[in-house]
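Engineer: Start counting the sequence shown at 0; every next residue gets the next number (numbering that gives the first Met the number 0).
In this text, a Cβ means the ideal position worked out from N, Cα and C, and glycines have one as well.
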Amino acid sequence: MTAFMSMFMGGALAQEAEEADADAVLDVIVVPGVRGSLSRALDQKESATGVVDAISAEDIGKFPDLNISESLARISGVTITRTPGGEGNVVSVRGGQTDWTNVTVNGLSVATGNVGREFSFDLFASELFSNAKVYKSSSADIAEGGLTATIDLRTPQPLGTGNKIAFSASGTDFHKGNGDLQPRVSGLLSRTFDNDRFGVLVSASYSKTAARGDISQGWGWDDNITGLQTYLSGFTTDNAPTIMVNGEAVNDLARLQDIAANTISPELPRIGPNILERERLGVTGSFQFRPTENVELFADILYADYSQDEIRATVDGMPGFGTGQEWTSITIEDGVAVAGSISNQDQRSETLDRQVDSTLTHITTGGKWDIDGVWSADATFGYSKAKEDELSRTYLWHYVGDFTYDFSNPKYPELGGDFDWLDPDQYSPNQLRFRPFQRNDEEISVSANLGADFGDTGLTGVKFGVQYRDRDKGQVRLAELRPAFTANFADYAISARDMFGSSYHEDAPYRSDFLMTNIETAGRDLLPADLSLTEVDKLQTYTVGEETLGAYFKADLAFDIGPVPVTMDSGVRYVRTDVTSEGYVQEESGPEAVSYPGKYSDWLPAINLKAQLRDNLILRIAANRTMTRPPLANLAPAVNISPTVLSASRGNPALEPYRSNNIDASLEWYFADEALLSATVYYKDLETFIVNETRPEIVICGDIRNDAGENVCGREFQVTTPVNGENGKLYGLELQYQQPFTFLPAPFDGFGVLANATFSESERTDEAGVSKPLQGQSDTSYNLVGYYEKGPFSARLAYNYRSEFSVTGRNGFDNIQQPYGQVDASARYAVTDHFDLFLEGLNLFEEDWYTYAARTNSDGSVNDFGKQLNQYYLTQGRVIQFGIRGTF
Numbered sequence: 000m001t002a003f004m005s006m007f008m009g010g011a012l013a014q015e016a017e018e019a020d021a022d023a024v025l026d027v028i029v030v031p032g033v034r035g036s037l038s039r040a041l042d043q044k045e046s047a048t049g050v051v052d053a054i055s056a057e058d059i060g061k062f063p064d065l066n067i068s069e070s071l072a073r074i075s076g077v078t079i080t081r082t083p084g085g086e087g088n089v090v091s092v093r094g095g096q097t098d099w100t101n102v103t104v105n106g107l108s109v110a111t112g113n114v115g116r117e118f119s120f121d122l123f124a125s126e127l128f129s130n131a132k133v134y135k136s137s138s139a140d141i142a143e144g145g146l147t148a149t150i151d152l153r154t155p156q157p158l159g160t161g162n163k164i165a166f167s168a169s170g171t172d173f174h175k176g177n178g179d180l181q182p183r184v185s186g187l188l189s190r191t192f193d194n195d196r197f198g199v200l201v202s203a204s205y206s207k208t209a210a211r212g213d214i215s216q217g218w219g220w221d222d223n224i225t226g227l228q229t230y231l232s233g234f235t236t237d238n239a240p241t242i243m244v245n246g247e248a249v250n251d252l253a254r255l256q257d258i259a260a261n262t263i264s265p266e267l268p269r270i271g272p273n274i275l276e277r278e279r280l281g282v283t284g285s286f287q288f289r290p291t292e293n294v295e296l297f298a299d300i301l302y303a304d305y306s307q308d309e310i311r312a313t314v315d316g317m318p319g320f321g322t323g324q325e326w327t328s329i330t331i332e333d334g335v336a337v338a339g340s341i342s343n344q345d346q347r348s349e350t351l352d353r354q355v356d357s358t359l360t361h362i363t364t365g366g367k368w369d370i371d372g373v374w375s376a377d378a379t380f381g382y383s384k385a386k387e388d389e390l391s392r393t394y395l396w397h398y399v400g401d402f403t404y405d406f407s408n409p410k411y412p413e414l415g416g417d418f419d420w421l422d423p424d425q426y427s428p429n430q431l432r433f434r435p436f437q438r439n440d441e442e443i444s445v446s447a448n449l450g451a452d453f454g455d456t457g458l459t460g461v462k463f464g465v466q467y468r469d470r471d472k473g474q475v476r477l478a479e480l481r482p483a484f485t486a487n488f489a490d491y492a493i494s495a496r497d498m499f500g501s502s503y504h505e506d507a508p509y510r511s512d513f514l515m516t517n518i519e520t521a522g523r524d525l526l527p528a529d530l531s532l533t534e535v536d537k538l539q540t541y542t543v544g545e546e547t548l549g550a551y552f553k554a555d556l557a558f559d560i561g562p563v564p565v566t567m568d569s570g571v572r573y574v575r576t577d578v579t580s581e582g583y584v585q586e587e588s589g590p591e592a593v594s595y596p597g598k599y600s601d602w603l604p605a606i607n608l609k610a611q612l613r614d615n616l617i618l619r620i621a622a623n624r625t626m627t628r629p630p631l632a633n634l635a636p637a638v639n640i641s642p643t644v645l646s647a648s649r650g651n652p653a654l655e656p657y658r659s660n661n662i663d664a665s666l667e668w669y670f671a672d673e674a675l676l677s678a679t680v681y682y683k684d685l686e687t688f689i690v691n692e693t694r695p696e697i698v699i700c701g702d703i704r705n706d707a708g709e710n711v712c713g714r715e716f717q718v719t720t721p722v723n724g725e726n727g728k729l730y731g732l733e734l735q736y737q738q739p740f741t742f743l744p745a746p747f748d749g750f751g752v753l754a755n756a757t758f759s760e761s762e763r764t765d766e767a768g769v770s771k772p773l774q775g776q777s778d779t780s781y782n783l784v785g786y787y788e789k790g791p792f793s794a795r796l797a798y799n800y801r802s803e804f805s806v807t808g809r810n811g812f813d814n815i816q817q818p819y820g821q822v823d824a825s826a827r828y829a830v831t832d833h834f835d836l837f838l839e840g841l842n843l844f845e846e847d848w849y850t851y852a853a854r855t856n857s858d859g860s861v862n863d864f865g866k867q868l869n870q871y872y873l874t875q876g877r878v879i880q881f882g883i884r885g886t887f
């Protein structure tokens, strides 16, 4: 045992720290084959101050990931949300909300086509970036906006890259896709001239994906059986109907009414496939010029063009909606109507064709000036613009007759009745929907910094800076069209299996094939080809302008406390925010334009301290105050109406930002070359938390119709508005271990491991005064990566896991996402010094996603109803990629 520990620690007592100029601690995950890079990164970590995790270019380019969010998910404390089909989309850090993470590209904030401030990482392939850093502790010179973290993505620059040509070409097979091999290609060309005084770099990436997910869901769960209540309202005690309840014939009207009022039931049971076909183009360009030894000029451009076609086809029944239903039987388990039989029930085939086109242009340009070897200055101008156009076409055909549902096996509900899903003559025209809207986000920023480096002791440096940002984000919602139509379904029908392939729901233990709408013929004949026939829906159109002016001061110090060397940075950032929210409100004469001004200011102090307890043992302590501004859509006066369920949401221009006071402490042991064992604890005291208030309100509007074609304007809606509410807290522990096993005898010395785990807890008070965890916060998340590299061969096996977490629910329920773990693998063989062959796999065991509805009681306890309330179940397939990489 003693001998093993001696090999394991491998010289831990003799390792010495190397001084490096760095502002932050870098917990860098670097793949095997670049152990020298890992060693340099750990040296930089030892001599740094703040708390930052990072991934290097080798990681981003060679992990088997579809986009950079999946690479980031291998960092401790970083979790991701996935789209149907399994691709990563948005990230959260340490359990915070996704919009609490501020994302920058080349140091400047990025415009997005999203409703909120969260950044969609699936816009870019990972090959476009050379480095990504996750700043978990703030400092005065980091731009405000990241309550829990700031993620900075860096594109490559020529003077750092040198003369280089690189490419990658691969084919990707999605086990659940459209049956075609999907291409993915990328390339980079970098050239320097005039003794590395001038350089130009261009990189590009193009890919297509087609990922299908097979879904089942109750869609929504209600505290009562609405359809049964409506049915019973037509009876008296003298003529009450007879309904079978758990096998017992019941015709007592009072008892039936009590069952209807106090039994949880599904609103819209449905099943079907959902496929996302994506096409993604990304281009970066970089220019650097050093006219003298102490002056550098630069310009970096990032462009993305992203399109997504989503087809979702479902067959459903509507026990939670409509009139005329005749209930005949109910099966109740633990207060839930898990099964039911209904006559005269509306059943539908619904096909959604949703097209999203997004573009992003992000430009960073500026210069750096080393004034005299002590003082230096830099200035940057940034421009970022995002545009997103979305058009949803929905085709609904229906049948009225006998309908049964059974959620006894909640992930695989059985839907049945006398409806032949494959007989087009049984379907009648029901409804068409044409929903277009556009979003635009544009930001201009200017910043300047002045700093000095005085030496190694005492006051070692100072830094001052200012930044101005002007951002406008808006949405133009075009009026939804629901034209009446008459048509023969046989002219537009196609079976789901013919559309999606024979593997659709191949493992489902229930009837799954049905007729859906052929979107090509229906799109041509039944709905408008463009937006010319629809007008602007002013009530859902808005623009939010945001101007910020910030300034900061930071000082770097170095001193000794007895025998312990200490380095520290401390400073404060001041920022003023001016907001203008413009939109429309409904008056008797029609929509009237309104504008609401707002402003607030913040002082954000920050301190980071590092104590070198021993040559290989470091203690770090960080304390700071951070803030995240409200989602821009929440500031808009616009009203978003859901006519079928009589609910609406409205923005609040008077919202204050989220604010948090934070403490971090870490202990890091560099026990061997290229090895680390560390623990970090963190605590965040959340202030001015934003919660939603829901109240009944008569909604005044023009002509908005529900699924039954009724104009619902003037009715009472449940209207939800964001308000600043109670405080909250978020705290946890991060553990990290990484080591190459060079102490083992050959050939086993090629093995190594990277592992990390995060354990977190949170608490917030909702609008009803109930204590709940933060949405999106998992109590446990961890990564385990094992690798082997020896000679021309390398292989990697990775497991990523997060425990359950809550997401937004409805009807008083919380939606809980079940724990999710995914296994990925990759292998590489270097054919020559310039060419590699690779094989990569994602989600090898085809893990599924399951979201169920639960109720949080007033004492904070959770009733999950046996995880029976299927809100959303998604099965997805593995992804296999193979190809070649070259570097010259």
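Give the range of the alpha helix (DSSP H) segment to which Asn633 is assigned.
Structural biologist: Run containing Asn633: 631-634, per the alpha helix (DSSP H) assignment.
Engineer: Using 9 Å as the threshold, is the C-beta distance between Leu634 and Val563 below it?
Structural biologist: no
Engineer: Please report how far the alpha carbon of Ala124 lies from the alpha carbon of Ser825, in whole angstroms.
Structural biologist: 17 Å
Engineer: Under 8 Å, with one C-beta from each stretch per pair, do the segment 705-723 and the segment 738-749 reach the 3-pair mark?
Structural biologist: Taking a cut-off of 8 Å for Cβ pairs, the segment 705-723 and the segment 738-749 do not touch, as fewer than three such pairs fall below it.
Engineer: Glu479: buried (16+ other C-beta within 10 angstroms of its C-beta) or exposed?
Structural biologist: Its Cβ being crowded by 16 or more others within 10 Å, Glu479 is buried.
Engineer: Where DSSP assigns a beta bridge to Gly731, which residues make up the other side?
Structural biologist: Tyr681, Ser759
Engineer: For Leu873, which residues from the same chain have a beta carbon less than 8 Å from its beta carbon, with the 5 sequence-adjacent residues on both sides left out?
Structural biologist: Here the set comprises Pro83, Gly212, Asp213, Ile214, Asn273, Asp847, Trp848, Tyr849.
Engineer: According to DSSP, simplified to helix, strand and coil, what is Ser588?
Structural biologist: Looking at Ser588 - three-state DSSP - the assignment turns out to be coil, as it is neither helix nor strand.
Engineer: Can you name the start and end residues of the alpha helix (DSSP H) that Glu692 belongs to?
Structural biologist: For Glu692, no alpha helix (DSSP H) run applies; the uninterrupted beta strand (DSSP E) run containing it begins and ends at 689-697, by DSSP.
Engineer: Would you report the Cα separation of Ala671 and Arg827, rounded to the nearest angstrom?
Structural biologist: 27 Å
Engineer: Taking Tyr657 as the reference, give the member of Asn639, Arg496, Phe688 with the closest Cα.
Structural biologist: Cα-wise, what sits closest to Tyr657 is Phe688.
Engineer: If we ignore side chains and look at the alpha-carbon of each, how far apart do Gly454 and Gly460 end up?
Structural biologist: 7 Å
Engineer: Within the same chain, show all residues whose beta-carbon is closer than 6 Å to that of Arg628, passing over the 5 residues directly before and after it, in chain order.
Structural biologist: Taken in chain order, the residues that qualify are Pro656.
Engineer: Classify Ala2 as buried or exposed, calling it buried when 16 or more other Cβ atoms lie within 10 Å of its own Cβ.
Structural biologist: Confidence at Ala2 is low in this model, with a pLDDT of 39, below 50, so the placement of that residue is unreliable and no value is reported for it.
Engineer: Under 8 Å, with one C-beta from each stretch per pair, do the segment 292-302 and the segment 349-366 reach the 3-pair mark?
Structural biologist: Touching, yes, given that three or more Cβ pairs across the two stretches are closer than 8 Å.
Engineer: Pull up the DSSP beta-bridge partners for Arg649, would you.
Structural biologist: Val638
Engineer: Can you give the Cα-Cα distance for Glu292 and Ser659, rounded to whole angstroms?
Structural biologist: 43 Å
Engineer: Looking only at its chain, what residues have a beta carbon closer than 7 Å to the beta carbon of Thr236, apart from the 5 residues adjacent to it on each side?
Structural biologist: Leu252
Engineer: For a quick check, are the C-beta atoms of Asp663 and Ile620 less than 9 Å apart?
Structural biologist: Yes, these two residues count as a Cβ contact at 9 Å.
Engineer: Would you please state the rounded distance, in angstroms, between the beta carbons of Val337 and Asp405? I believe it to be under 8 Å.
Structural biologist: 7 Å
Engineer: Return the CA-CA distance between Val698 and Thr540, expressed in angstroms with no decimal places.
Structural biologist: Taking the Cα positions, Val698 is about 17 Å away from Thr540.
Engineer: Identify which residue in Leu275, Leu231, Ile270 has its Cα closest to the Cα of Gln256.
Structural biologist: Leu231
Engineer: For a minimum of 3 consecutive residues, which ranges assigned as the beta strand (DSSP E) are wholly contained in the segment 533-618?
Structural biologist: 541-560, 563-586, 589-613
Engineer: Would you give the residue range spanned by the alpha helix (DSSP H) that Ala521 belongs to?
Structural biologist: 518-524
Engineer: Compare the Cα-Cα distances from Leu275 to each of Val445, Ala131, Glu332, Lys175 and report the closest residue.
Structural biologist: For the options Val445, Ala131, Glu332, Lys175, the alpha carbon positioned closest to that of Leu275 is the one of Lys175.
Engineer: In terms of residues, what are the limits of the alpha helix (DSSP H) holding Glu69?
Structural biologist: 67-71
Engineer: What residue does the beta strand (DSSP E) around Met317 start on, and which one ends it?
Structural biologist: First-last for Met317: undefined, no H or E at that position.
Engineer: At which residues does the alpha helix (DSSP H) containing Phe499 begin and terminate?
Structural biologist: Unbroken alpha helix (DSSP H) run through Phe499: 495-499.
Engineer: Phe128 and Ser68 look like a contact to me (Cβ under 8 Å); what is the Cβ gap, rounded to whole Å?
Structural biologist: Phe128 to Ser68, Cβ: 12 Å. No contact.
Engineer: Measuring alpha carbon to alpha carbon, tell me which residue in Gln875, Phe484, Asp388 is nearest Asn439.
Structural biologist: Asp388
Engineer: From what residue to what residue does the beta strand (DSSP E) around Asn439 run?
Structural biologist: 427-452
Engineer: Measure from the alpha carbon of Thr262 to the alpha carbon of each residue in Lys537, Ser285, Asp684, Leu227, then state which is nearest.
Structural biologist: Leu227
Engineer: So what's Trp420 in DSSP terms, helix, strand or just coil?
Structural biologist: DSSP places Trp420 in coil when its eight states are reduced to three.
Engineer: Evaluate Ile883 with the Cβ neighbour count: other Cβ atoms within 10 Å of its Cβ, from every protein chain shown; 16 or more gives buried, anything less gives exposed.
Structural biologist: exposed
Engineer: On the three-state DSSP scale, how would you describe Trp99?
Structural biologist: helix
Engineer: Do Leu477 and Tyr394 have their C-beta atoms closer together than 9 Å?
Structural biologist: No, they are not a contact pair.
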